[in-house]
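First up is the structure itself, then whatever we jot down about it.
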Amino acid sequence: MTAPASTALFEPFSIRGVTSRNRIMVSPMCTYAATDGLASDWHMVHLGQFALGGAGIVCTEAAAVSPQGRITHGDLGIWNDAQGDALEAATAFLRGHGAVPAIQLAHAGRKASRQRPWYGNGPLGEADLARGDRPWPIVAPSDEAFQDGWLVPAELCSDEIAVLVKNFADAAIRADRAGFDIVEIHGAHGYLLHSFLSPLANHRTDSYGGSAENRMRFPLEVASAVRAVWPDRKPLFFRVSSVDGAAGGREIEDTVALARALKRCGVDAIDCSSGGVVPKERINAHDTSHGPGLHVPFAERIRKDADIMTIAVGLILDGPQAAEIVDNGRADLVAVARTVLDDPYWPLHQARAMGIDDDFRNWPQAYGWWLERRAKGLRILPGGNGDA
Ligand SMILES: Cc1cc2nc3c(=O)[nH]c(=O)nc-3n(C[C@H](O)[C@H](O)[C@H](O)COP(=O)(O)O)c2cc1C
8 MTAPASTALF
18 EPFSIRGVTS
28 RNRIMVSPMC
38 TYAATDGLAS
48 DWHMVHLGQF
58 ALGGAGIVCT
68 EAAAVSPQGR
78 ITHGDLGIWN
88 DAQGDALEAA
98 TAFLRGHGAV
108 PAIQLAHAGR
118 KASRQRPWYG
128 NGPLGEADLA
138 RGDRPWPIVA
148 PSDEAFQDGW
158 LVPAELCSDE
168 IAVLVKNFAD
178 AAIRADRAGF
188 DIVEIHGAHG
198 YLLHSFLSPL
208 ANHRTDSYGG
218 SAENRMRFPL
228 EVASAVRAVW
238 PDRKPLFFRV
248 SSVDGAAGGR
258 EIEDTVALAR
268 ALKRCGVDAI
278 DCSSGGVVPK
288 ERINAHDTSH
298 GPGLHVPFAE
308 RIRKDADIMT
318 IAVGLILDGP
328 QAAEIVDNGR
338 ADLVAVARTV
348 LDDPYWPLHQ
358 ARAMGIDDDF
368 RNWPQAYGWW
378 LERRAKGLRI
388 LPGGNGDA
């Protein structure tokens, strides 16, 4: 498929009472740089660069709704007011530079209490203890480890599930106070909510396990509780693993059913990723083996069959590819992660390459003023081709 000559990718896009300057969202990306869940200057600069780079929506990394729900000791948290307050400077900066601030609310479930990726990505061990990183007890729908050698989680009882629902809602209240305009609930990648959804991780026999309806109960309770406290004018996103990518796991039809139910709870858009619930899978969030745009067919299918907005993510590498996705109605937004780690100015660079921002008017004024003059000067040099 080819992108049409003009594109909606760089045009404003509204959901509820919030307008993004374009359809590009910076996807949640853990940086494992927080102390006690608190955002620091690192988070401000890390997120801020993406606002300067032209993204429409900038989403924080997964912010844990309880200390137990962190993946690592370095995760961002929003389980107390001080953590919410520490994010205010970042939301003000993002908004001040034209981006919509979004936050992902998360609980890592049986994949909590782990090493930062560069220390091994597995359970915390002796070397981590020496760094001061102690393991903590973890929880899940069933008392089954993610894989051999990993911590065995305690099975949550229904009272504890009710507390977790409230943890998500309280986190959303703090996110509102901190100035975020979009909440994304993390329901993917094998973390707590996804592990309830998947028959590969949920072997409960109570009302939270067994049938598809029962397995959806907790994630839907979370979505409803967040929607109840999240202002009406603000969008609510939900990230899914569109498929588990493993035998006996969830397939796209299950996610279409989930998306319909989430829509009834007031969720506005489904962010379509994959995998993460078991160690061996045929597709996952960071997969490169399926090539660019690997989750786009899922976003397209969910959008069509559940009649809900979707976000496509995964190996979206250039502007024409992104434009093709939104212009052909395959998703409403595109999200980029490693793509903007590689080039935080990716949205602006793509707009320019596609002839949409010839005079640098979309750049931060303090940069664009200079770059436009430099470009004009370079164009009149012998051999200048007009695209300095
Ligand atoms: C450094 C890094 C951290 C990530 N952390 C999160 C996260 O906190 N929450 C989440 O849902 N996905 C997370 N992801 C997955 C990305 O949001 C995205 O879905 C994935 O990287 C595919 O997009 P890409 O090909 O543009 O990188 C992370 C990815 C990277 C590279």
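If you count the sequence shown from 1, position 62 lands on 69 in the numbering used here, and the numbers rise without skipping.
Heads up, the beta-carbon is just placed ideally off N, CA and C, and yes, glycines get one too.
query: With a threshold of 6 Å (Cβ to nearest heavy atom), would His-297 be considered close to ligand 1?; result: no
query: What do you reckon, is the C-beta of His-293 under 6 Å from a heavy atom of ligand 1?; result: yes
query: Note the first and the last residue of the continuous alpha helix (DSSP H) segment covering Glu-95.; result: 95–103
query: Applying the criterion that 16 or more other CB atoms from any shown protein chain within 10 Å of the CB defines a buried residue, is Gln-328 buried or exposed?; result: buried
query: Classify Trp-377 as buried or exposed, calling it buried when 16 or more other Cβ atoms lie within 10 Å of its own Cβ.; result: exposed
query: Quick check: is any heavy atom of ligand 1 less than 6 Å from the C-beta of Met-316?; result: no
query: If contact is defined by three or more beta carbon pairs under 8 Å, each pair taking one atom from either stretch, is the segment 287–301 in contact with the segment 41–61?; result: no
query: For Ala-10, I'd like the list of residues in its chain whose CB is within less than 7 Å of its CB, leaving aside the five on either flank, ordered along the chain.; result: Residue confidence for Ala-10 is low, a pLDDT of 48 falling below 50, so the modelled location carries little weight and cannot support an answer.
query: Within the structure, which residues are defined as neighbours of ligand 1 by a Cβ-heavy atom distance below 7 Å, reported in chain order?; result: Ser-34, Pro-35, Met-36, Cys-37, Thr-38, Glu-68, Ala-69, Gln-111, Ala-113, His-193, Ala-195, His-196, Arg-246, Ser-280, Ala-292, His-293, Val-320, Gly-321, Leu-322, Ile-323, Ala-342, Val-343, Ala-344, Arg-345, Thr-346 and Leu-348
query: Short of 7 Å in beta carbon distance, which residues of its chain neighbour His-53, apart from the five on each side in sequence? Order them along the chain.; result: Thr-38
query: Can you name, in chain order, every residue of its own chain whose Cβ lies under 6 Å from the Cβ of Ile-180, other than the five neighbours on each side?; result: Val-236
query: Buried or exposed for Ala-395, going by 16 or more other Cβ atoms inside 10 Å?; result: Summary for Ala-395: the model assigns pLDDT 42, below 50, so the residue's position carries little reliability; its value from the coordinates is reported in the next sentence. The residue in question, Ala-395, is exposed, as its Cβ has fewer than 16 Cβ neighbours within 10 Å.
query: With 16 other CB atoms within 10 Å as the buried threshold, where does Val-170 fall?; result: exposed
query: Considering Cα atoms alone, identify which of Asp-339, Val-320, Ile-363 and Trp-370 is closest to Thr-346.; result: Val-320
query: Can the beta-carbon of Ser-205 be found closer than 7 Å to that of Asp-278?; result: no
query: Secondary structure at Val-146, three-state DSSP: helix, strand or coil?; result: strand
query: Give the list of continuous beta strand (DSSP E) stretches no shorter than 3 residues that lie fully inside the segment 239–307.; result: 243–248 and 276–280
query: Relative to the alpha-carbon of Arg-234, which residue among Ser-218, Phe-175, Lys-287 and Leu-200 has its alpha-carbon at the smallest distance?; result: Phe-175
query: Given this structure, state the Cα-to-Cα distance separating Arg-308 from Ala-137, to the nearest angstrom.; result: 48 Å
query: Of the residues Leu-158, Asn-29 and Ile-78, which one's Cα is nearest the Cα of His-114?; result: Ile-78
query: Specify whether the segment 55–63 and the segment 121–134 touch according to this definition: at least 3 beta carbon pairs, one from each stretch, less than 8 Å apart.; result: no
query: Flag this pair as yes or no: are the beta carbons of Ala-109 and Met-51 separated by less than 7 Å?; result: no
query: With DSSP as the reference, identify every bridge partner of Arg-121, one or two as the case may be.; result: Pro-130
query: Considering Pro-108, what are the terminal residues of the beta strand (DSSP E) in which it resides?; result: 107–113
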